[in-house]
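Novice: End of the sequence shown = 937 in the numbering used here, gap-free, step of one.
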Amino acid sequence: MRRPAVLPASLLTAVLIAGLSGVSSAPGAADGGPAINEFSASTAGTDVEYVELLVPADADSSGTRVLEVEGDAGGAMPALGVVDEVIAFPAPDASGRSLATLPANALENGTVSLLLVTGTVPAAGSDIDADDDGVIDDGLGFAVLDAVAVHDGGAGDQAYGGVVLGVSYDGLPFAPGAASRIPDGADSDAVGDWVRNDFDLAGTPGIPGTLIDGEAANTPGSANSLTVPPVGPAPGEAGCDLEVASIGSLQGTGALSPAAGTAVRVEGTVVGDFQEAGGFGGYYVQDAGDGDPASSDGIFVSAPTGTDVAVGDVVNVTGVAREFGTAGAADQMTGIDAADAEICAVGAVLPDAAPLTLPATAQQREAVEGMYVTLPQTLTILEYFEYGRFGRIDVGLDRQMTPTAVYPPGSAEAAALAQQNLAERITIDDGRAVQNPDPAIHPDGDVFTLVNTFRGGDLLTDATGVLDYRDDTWALQPTHGADHAPANPRTAPPEVGGRVTVSSFNVLNYFTTLTGPDARGANDPVEFERQEAKIVAALAQIDADVFGLIEIENNGTALATLTAALNEYLGADVYDLIETGPIGSDVITTALIYKPAVLTPVGDFALMDESKDPRWLDEYNRPGLTQTFADAEGGTITVVVNHLKSKGSDCNAVGDPDAGDGAGNCNITRTQAAAALGDWLATDPTGQGAGRELIIGDLNSYDKEAPIAALLTSGFTDLLARYQGEGAYSYVFDGQLGYLDYALAGPALVADVTGAAAWHINADEPSLIDYDMSFKAPAQDALFAPDPYRSSDHDPVIVGVDLSPPDTVAPALTVTADPAFLFPPNGKTRTVTVTADAADDSGEVTVRLLSATAEGSKKAVVRQLSDRSFAVKAVVGATYSFTYEARDAAGNTTTATDTVSVEPTPRRLLAYLCRIVDRIAGSICR
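1. Would you mind stating whether residue 213 and residue 255 have Cβ atoms separated by less than 7 Å?
2. Would residue 350 pass as a contact of residue 325 if the rule is Cβ separation under 7 Å?
3. Name, in chain order, the residues that DSSP records as bridge partners for residue 848.
4. Excluding the 5 residues preceding and the 5 following residue 669 in the sequence, name in chain order all residues of the same chain whose CB lies nearer than 7 Å to its CB.
5. Thinking C-alpha only, which one of 201, 188, 130 and 134 is nearest residue 158?
6. For residue 261 and residue 295, I'd like the C-alpha separation in whole angstroms.
7. So, are the CB atoms of residue 774 and residue 849 less than 7 Å apart?
8. Just the C-alpha distance for residue 571 and residue 584, rounded to the nearest angstrom, thanks.
9. Taking DSSP's pairing of strands, which residues face residue 382 in a bridge?
10. Contact between the segment 70-83 and the segment 97-115 is defined here as three or more beta-carbon pairs at a separation below 8 Å; is this criterion met?
11. Which residues mark the beginning and the end of the beta strand (DSSP E) in which residue 675 is found?
12. What is the DSSP secondary structure of residue 809, counted as helix, strand or coil?
13. Per DSSP, what are the beta-bridge partners of residue 875 in this structure?
14. Mark residue 36 as exposed unless 16 or more other C-beta atoms lie within 10 angstroms of its C-beta, in which case mark it buried.
15. Determine the direct distance from the alpha carbon of residue 81 to that of residue 477, and round the result to whole angstroms.
16. Is the beta carbon of residue 577 closer than 7 Å to that of residue 547?
17. Where does residue 392 land, buried or exposed, given buried means 16+ other C-beta within 10 angstroms?
18. Check whether the Cβ atoms of residue 828 and residue 911 lie closer than 7 Å to each other.
19. Distance, Cα to Cα, residue 715 vs residue 742?
20. Please report the distance separating the alpha-carbon of residue 711 from that of residue 654.
21. Scan the segment 297-346 and note each continuous alpha helix (DSSP H) run of 4 residues or more that stays entirely inside, going in chain order.
22. DSSP state of residue 716, grouped into three classes?
23. Taking contact to mean at least 3 C-beta pairs separated by less than 8 Å, is the segment 535-551 in contact with the segment 800-815?
24. So who's on the other strand from residue 355, going by DSSP bridges?
25. What are the complete beta strand (DSSP E) segments, minimum 3 residues, inside the segment 83-129?
26. Name the residue from 914, 859 and 789 whose alpha carbon lies nearest to the alpha carbon of residue 836.
27. Looking at the strands, I want to know which residues DSSP matches up with residue 709.
28. Smallest Cα separation from residue 579: which of 279, 567 and 544?
29. Less than 7 Å between the C-beta atoms of residue 162 and residue 146, yes or no?
30. Go ahead and label residue 771 buried or exposed: buried means 16 or more other beta carbons lie within 10 angstroms of its beta carbon, across all protein chains shown.
31. Within this structure, are the beta carbons of residue 807 and residue 459 separated by less than 7 Å?
32. Could you have a look at residue 205 and say whether DSSP puts it in helix, strand or coil?
33. Tell me where the alpha helix (DSSP H) around residue 578 begins and ends.
34. Can you name the start and end residues of the beta strand (DSSP E) that residue 897 belongs to?
35. If the criterion is Cβ atoms closer than 7 Å, does the pair residue 885 and residue 839 meet it?
36. Could you check what DSSP says for residue 486 in three-state terms: helix, strand or coil?
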């Protein structure tokens, strides 16, 4: 489950830097060299993180880096003095600023130091304080130019030099999460140079807010300021009679503005107004154009406290052109930090919305950045993971498949599909910068409710608004709702046939433990009741005879709690559980519940773990829980519930990183586990006959990836592929379909399977309707129903089987030796050929020779030439016997024998011939 962390102010700290002791010195900030001018590590909501340098015009910063150095002592943190991050910077802009924008959680919270260094820069993971004495070791080859540290007051923590911003350094009872030099660029090597930034992001472009006393504005890439809006360079006043530049000349024909950092004046019609609280603190203006289709005629104006404008106003704006986004990135959003604006006219007719047709390249999108556009095609809703938190969905030409669900990882075809998917999709945002917006707005422009909802696969037409590039994403900021057409309605559980049904269900961290370091899932009793209600409703509607559960708490009681809740819902003790107690070392595990009225466990459960095969790594894969069940007629099935290592967390400790081929982290770990599982099941671990296994669960692999190939090689059949085809899915990630949840049948079970399908109650539903209340306003908490929909993030997989009753009928077997007798008895060697004909109503039968014997004479000799051919001696009185066994697939056997005798006289020969004739024509010899 993807969930950004929101940290309380008490956990804030900031970033770092290293001490000067033991490291050579170089001219730094106090001497007119580069300096750390502002940093941000922890903010309200998802952390906004960056480090800004200020570089004098004659200084060289090309070889500098900022080190984030660990300062927390003890606990689970890395050792003191370890370099957690090495930060590089782009070339400074015209004002001398160089901004490194970092992903959330790049800079940790705690006692840390930021060290601006030059020379031999240590790599991330290096320990620059091997003896943990708080002094940087000698001889490391780098020089410290500037430093700032944050100390959160932890016992034994170390700050490695420079100015240290501790708890209450400015009178506030907690360490800062971000800070600025005030005045801009001040450097007297004292804490007084630094003012903590507003925790709620006031001053950040597009974020409204008010400073409290003693706080600085957040000004990444701009001059530091104690006011909002920040004090910046004065570009002059706006005036409707003053000369303006074309917006196209500011946008240019490339990804970045040629005018960034300079004072500009433009005039255009407001085509999108997002100034209101919760919006972007600005608006988009578009002029008549410069005649160049490669340059955009629209631009974003950041004016969180500026002149109030409305769509249709013609506005003259002055300010500083800049790029909004990740410093140094190939794509950013060109905009203007407004200093002044004057409304020249109202009610102007908007320009025609420019059509943006998919697929579209980055260059084609750049050409209409900031402009009024429309998406003229009927588009399919692909992705909605960020809908509840940020109001965004992704749409595309059609539903998209995960490349490795169609092609092998690393193949040219998989890479091509990945690129095609990107070109054929775009984001539709909601025009708001706040998290967890209230109310949630449906893509049709109305309020989202449990009645007015949507699902993946639904269709949108006439999506219109302003195109921008925000948060490294091309997105349409809508100015009115699109037309929504349901195209993927909710359904009843799929019909899979069979007298017995088995289901795999990922219960998404069903934990009865609600607090503590290992707690997952529900945060409190209210959330727990909501979570349980949805899971129970889903299980009850599926009505499987066996459920394999994944992501249930490994505490020995969660399974019993869920089983009891399901039985209470059903009004009777319909389900029982396989009692395993805690298994494995993870906080989550696999589990089984079943209907005792339909199936009976046969023998004890077995576990696939590292003790069975060293390729199965217990620290990475949950135990494979294996149990055989029998129906009333004695038909058996062995259910094997698995949860292999995820793609999201790393396996670097076992040398299994993300190879960059699309298979994600830990692909080798999963592949080895799959191969080990196939080999182990071939040994019949439950003692009920190998080949009748049904492997279910979350294998964390798409169906063209190596782990699944290993199981297919072991003889298993992928039932979703067999019954649903290439488009089967149980999971949506990044707007792409595929299945991580499996049902794989062993060779002796395949013929019993009547159908298999995923029930799309989770993957196609927005998470806004799930049980979790962590990131929702009260109105969104109310978007809850105790039904199956969004009870998890994985769809359940359901399999139907008609279990074959045990085969107790022995095969038929006829053994015939030729010749039937030997004459004359001359002691010579003769050849006897034996035919063994076997048949069985259940199919395959194997026949083998049990014995070939000689009796009646000491001179009798039999020698085997092959399974069906023998050399014997024709000696008087000899009898040769040939005994065979027929065995069917169930192990039933039949034996049969035929004999060859040596006839000593013609009289006996005649008698023998008479017996033959009797068989054919009746008793004519009597």
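Glycine included, each C-beta is placed from N, C-alpha and C at the ideal position.
Specialist: Concretely, from the data shown:
1. no
2. no
3. 825
4. 675 and 676
5. 201
6. 14 Å
7. no
8. 12 Å
9. The partner list for residue 382 (beta bridge, DSSP) is empty, contrary to what the question assumes.
10. yes
11. That residue, residue 675, is in no beta strand (DSSP E); it is neither H nor E in DSSP.
12. strand
13. 881
14. Residue placement at residue 36 is flagged as unreliable, the pLDDT there being 34, under the threshold of 50; the coordinate-derived value follows with that caveat. Label assigned to residue 36: exposed.
15. 43 Å
16. yes
17. buried
18. yes
19. 15 Å
20. 7 Å
21. none
22. coil
23. yes
24. Partner(s): none; residue 355 has no beta bridge.
25. 94-98 and 108-113
26. 914
27. 654 and 752
28. 544
29. no
30. buried
31. no
32. strand
33. 569-581
34. 890-899
35. yes
36. strand
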